[in-house]
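Report on the structure given below.
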Amino acid sequence: MKYLYLLCLILFLHTGSITAQQVDTTREFINYRRTDPNSQPPTSYYQQPKEQVFPLGYGTNHLGKVTSGTGVWTELNPKVPRVNYIGLHFVNKDTGWAAGGSGAIIKTTNGGDDWTIAETPVNNLLLKIHSYNGEVVIVTGYDGIILRSSDGGETFEQVPSGVGTGTDLWGVQMLNDTLGWVCGMNQTLLRTTDAGISWQMATPGLNQHYWALDFLNEQYGIIAAGGGKVLKTTDGGDTWQQYQAGDTRALYTIDIIDSLHIAAAGAGGGFGGKNVYSSDGGETWIQNGNMIYENGVNSIAFINADTGYAVGNDWAIRKTTNRGVNWFASDPVYSEWSLDLLPGGVGYTGGQALRIYKTTGGYDNWEKLFFTDNLSDVYFISEQKGFIIVSDPSKLYKTTDGGMNWERVINGPGGYDILFTDSLTGYIVNNNSSIYKTTDGGSNWYLTNIPEEVGDVRRIFFINHTTGWAVTIWSPVSNAKILKTTDGGENWFVQLEDVYAGSFTSIYFVDSLNGWATRLGGRPYKTTDGGNNWIEQTNLDIWESRDVFFKDLLNGFMLESNKFYKTTDGGLNWILNPDITGFSVAAKFSYFDSNTIFIIGYKTYRTTDGGTTWQDFPDINNMLISGLSLLNPGYGFAVGDLGLMLKYNDDSIPVELTKFTASIKENKVILKWVTATETNNQGFFIERKRKKENQWKILSFISGGGTTTEKRYYSYNDKLLSPGIYKYRLKQIDYNGKEEYIGEVEVKYINNIDYYLYQNYPNPFNPFTKINFSLAKKTYVKIILYDVTGKEIKYIVNDTMDAGYHSVQFNSENLSSGVYLYRMTTSSGYTAVKKLIILK
């Protein structure tokens, strides 16, 4: 009994170590086909609030007009509702629709390259969709829902069906502009003769669920039903004949190939999905061997009497070339629910987790229309260049245009955590007891030297370019471990092995000596000597810690599932803040510096004051954010399940000014400033005032860098005319008009200048040049231009002027090329002559 208890404890702890991002829930098959009207799948799978699964911005307009983003978050992918799409239909190779959970309907008019979101008034699971002419579109769903569109599927309204709760409508087909049929559970069969505006109940006489229907023309139609029954009409539905098609397992899908040949398939069982075939118009049926679909076949379609395809809960689309006698994998793509094969080798198939595929090469080669991988982590080196990783199956993607487009890195590793220590050097840890490294900015990756059987590596951390740590979780063949490197990750060695079946989840070092490691199934560990000795914090009642971050030696934060702790004494005591919760088991820190810190998971929080105050983001609540890469306090990228990619851009976060200086040369003040990051920065106003004055004067405006994570260098020169102490400041302005003063410097200008005439610049010139001169005191000044013979040409200056430095611009537009002289005289007795050259 003792050993059994220990085994159960170990299994419990190991299960607890599997975070949300590790479990690929999109592979889980949800059978929406209710046989009992009172039963239904978990609500979260089909009826989530639209604002949780629709693209960001939908919540601001419940008619379904979706904007590109709200607040500081913008959705880059997938830009359509992240739901399971059960129904799919195309009226031609370009125009089609998909319908699914939470009342979602999406439409394409260019063969799936782009999609729009239709307006729907319901939140129910939608099951089937069909149109005869592309204008009137009918959708059916759970609990008797019928939606109708008369504008090509852009907007939908609900029309009465006459059936209600518990009667799900699983089949729909419009036969012409006005005539159509709908079938569903509880022997429901409806007909419309006014293009779906109203529906009348028909009574075929079979007490079964009607799962699918197909009409060859207005007169000839067949229904696939429960009990292995088939209903057939040849008079437009006035009368129906019943036939038994194979065993009594239900038929879920049916395809009339021509007037004689019909294929149908349905419920699964211990031997897989049922499939039957008729060669005499449905009078008699041959039951073929079971297909591999354990939970049944959901859609079947034939391109001729012999060759057909089917989808269900399996790893591949199945194909037959002998009327269903034998089936084989056509293409290893997941697609569970819908199959629509069009003439010319074009086809579409759809299923759970936004998996919609298209074929253009004869139905046997399919490509995915949406990027729907469950993303583990993200890291951006710059605004344009970034990487995302997938743990299962292992994949690495790269962008060079700020996340708008992504390409697969061939032979690149996937994993759980990605980190770059500079623009060239990066690391990825994954579930193959592996740590990968790149030294060329992610173009090529190689395995580092790591001890064998260390278990799945979960997180990695570097304190500098050479020293880093990584942590692993418990597995049946290996205890959890803490690894360290001192040579930039080329070689790793074990510092600590957890012999108590715990799992390390994260690691963080304040400096090269002081670090923490979080742990499931045990208390966290701490070191004060660089990891040579790790001490379990037995004074703490924290057993499921998932991440840790320290601002300095005393102030830090720790996460459990839905629990946030803070310490101000170096971790001796941790205080729970019950107001910060909801992030669940996916809890993780992401930070830019000690002030800007995020908590991510199923709820996202941010602090910009080092943890004194926290705010959450309601527009992304209940979205799993599994990774966040910050390029500055107000700019970054986030990823999550089903290919979710978000851009974070908060223009309320100011420009990060790292340097602002002023120097003086003669009477010229040279201002220089440097920014480390900028967010939405339109530019800077340069302002000046004398120290004892109250009024600031705007001198100039210098354009900013917009949003950038690169260092930017700025300068401005100001000329002073009188001595004194001057102050300068920068007023930074965003594109939205928000202003903020971000720097101030002071200079002292002492006037010890003399009379002097400077050489003009440029020289030679055409047609403009500048003539500079200085005056020791206020005086009358004349500058006259002469030709080489001494003939006076024109006055350049003829005025009384104050002491200081002066500059005048001379225009030679009406003069010919040649050598000229300019002479300066003052009432104070100063005289000087310089030569200038006009070259045209």
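The letter at position 251 of the sequence shown is residue 251 when you use the working numbering, and the numbering goes up by one with no holes. Cβ coordinates follow ideal geometry from the N, Cα and C atoms, glycine included.
Distance from the CA of G804 to the CA of E656, rounded to the nearest whole angstrom, comes to 37 Å. Pairing V510 with I428, the inter-Cα distance amounts to about 22 Å. Contact check for A470 against W445 fails: the beta carbons are separated by 8 Å or more. Residue pairing for Y85: DSSP places it in a beta bridge opposite G100.
S774 is bridged by DSSP to Y756 and Y805. For T677, DSSP records a beta bridge to E656. Taking 8 Å as the cut-off, the beta carbon of T466 is found closer than this to the beta carbon of T486. Between the region 571-587 and the region 527-534 there are fewer than three inter-stretch CB-CB distances shorter than 8 Å, so the stretches are not counted as touching. As for any beta strand (DSSP E) of minimum length 3 sitting wholly inside the region 354-428, the runs are 356-359, 366-368, 377-380, 386-390, 395-399 and 417-420, ordered along the chain. Judged by DSSP secondary structure, K738 falls outside any beta strand (DSSP E); it is assigned neither H nor E. Assignment of I256 by DSSP, reduced to helix, strand and coil, places it in the strand class. The three-state secondary structure of A586, taken from DSSP, is helix. Taking the Cα of T120 as reference, the smallest distance to any Cα among S330, A501, G162 and S102 is reached at S102. Around the Cβ of L424, a 10 Å sphere holds fewer than 16 other Cβ atoms; the residue is exposed. In terms of Cβ geometry, V122 and Q158 form a close pair [threshold 8 Å]. Rounded to whole angstroms, the Cβ separation of V747 and I664 is 5 Å, and the two are in contact under 8 Å. Per DSSP, reduced to three states, the secondary structure at Y243 is strand.
Distance from the CA atom of I460 to the CA atom of N430, rounded to whole angstroms, is 10 Å. Cβ contact annotation for E336 (same chain, cutoff 7 Å, sequence separation greater than five): F29, N298, V311, G312, N313, G351 and Q352, in chain order. Annotation: the continuous alpha helix (DSSP H) that includes E51 extends over K50 to V53. Beta-bridge annotation (DSSP): A470 is paired with I460 and L483. Taking the CA atoms as reference points, K659 sits about 42 Å from N374. Judged by beta-carbon spacing, T167 lies beyond the 8 Å limit of T140, meaning their Cβ atoms are not closer than that value. Between P654 and F371 the beta-carbon gap is near 34 Å, outside 8 Å, which marks them as no contact. Straight-line measurement puts the Cα of K563 at about 40 Å from the Cα of V674. Annotation: the continuous beta strand (DSSP E) that includes E75 extends over W73 to N77.
Rounded to the nearest angstrom, the gap between the Cα atoms of V639 and T193 is 48 Å. Annotation for E666: no beta strand (DSSP E) segment contains it, and DSSP assigns it neither H nor E. For T95, there is no enclosing beta strand (DSSP E), since its DSSP letter is neither H nor E. The three-state reading of DSSP puts D143 in helix, counting H, G and I together. Excluding residues up to 5 positions away in sequence, Q52 and Y602 lie with their Cβ nearer than 7 Å to the Cβ of N622 in the same chain. Per the coordinates, the alpha-carbon of T399 lies some 5 Å from the alpha-carbon of W406. In the three-state reduction of the DSSP assignment, I30 falls in the coil class. Apart from the 5 residues on each side of it in sequence, D235 sits with its Cβ closer than 8 Å to the Cβ of Q219 in its chain, given in chain order.
Within a 10 Å sphere around the beta-carbon of K229 sit 16 or more other beta-carbons, which makes this residue buried.
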